[in-house]
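In this text, residue positions in the sequence shown follow my numbering: the first is 126, and each later residue adds one. All C-beta atoms in this analysis are idealised placements derived from N, C-alpha and C, irrespective of residue type, glycine included.
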Amino acid sequence: MAPLVILVLVTLALVGLRAAGVTRVPPWPFAVRCGVAAMFVATGLAHFIGMREELIAMVPPAVPAPGLVVTVTGVLELAGAVGVLWDRTALWAAAGLTAMLVGMFPANVHAARQGISPSFGDALLPRTIMQVVFLAATVTIVVHFARARSSRAAVTAAR
Numbered sequence: 126m127a128p129l130v131i132l133v134l135v136t137l138a139l140v141g142l143r144a145a146g147v148t149r150v151p152p153w154p155f156a157v158r159c160g161v162a163a164m165f166v167a168t169g170l171a172h173f174i175g176m177r178e179e180l181i182a183m184v185p186p187a188v189p190a191p192g193l194v195v196t197v198t199g200v201l202e203l204a205g206a207v208g209v210l211w212d213r214t215a216l217w218a219a220a221g222l223t224a225m226l227v228g229m230f231p232a233n234v235h236a237a238r239q240g241i242s243p244s245f246g247d248a249l250l251p252r253t254i255m256q257v258v259f260l261a262a263t264v265t266i267v268v269h270f271a272r273a274r275s276s277r278a279a280v281t282a283a284r
């Protein structure tokens, strides 16, 4: 549940600052990028600090080397968090994070079915809803940058 709270609070705080007239804060796509980055920094760090054993337990038994998988996904989450903040890499970083969210969903199903870390946010339905929100955020970034890239290409072609 904490990643969802981080995503929402950071995004809303930046949108709120912009709405309050703080013009140094860029428009809403920036807020979503910052929310996604903050969330993935938190989840990426959890792969190494505090929740590592729980995350290893979440890896379905069919996946070999669960410790390595948790390490690699943690590094990828941290890299993706940095990547979404840089305009030149935001599209690809968000696309990679989107793919990771889809690819890691079976671990969430496994964890829910096994009762790993049982709490409200760890049942299958809340986990699925949170994943949909996370996907909506990363896909929003992909769409925003894909449209911007397409617009720039159209302007360049018209010249």
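How far does the alpha helix (DSSP H) with R158 in it extend, from its first residue to its last? W153 to A171
I want to know whether the segment 193-204 touches the segment 162-182 - three or more CB-CB distances under 8 Å. yes
So, do the segment 129-141 and the segment 157-177 have three or more beta carbon pairs nearer to each other than 8 Å? The segment 129-141, when compared against the segment 157-177, does touch it at the 8 Å Cβ threshold.
Taking the alpha-carbon positions, what's the S276 to V257 distance? 28 Å
State buried or exposed for I254, treating a residue as buried only when at least 16 other CB atoms are found within 10 Å of its CB. Only exposed fits I254, as fewer than 16 other CB atoms lie within 10 angstroms of its CB.
Below 8 Å on the Cβ atoms is my guess for G240 versus L222; work out the distance and round it to an integer in Å. G240 to L222, Cβ: 27 Å. No contact.
State the Cα-Cα distance for the pair L201 and G169, rounded to the nearest angstrom. 8 Å
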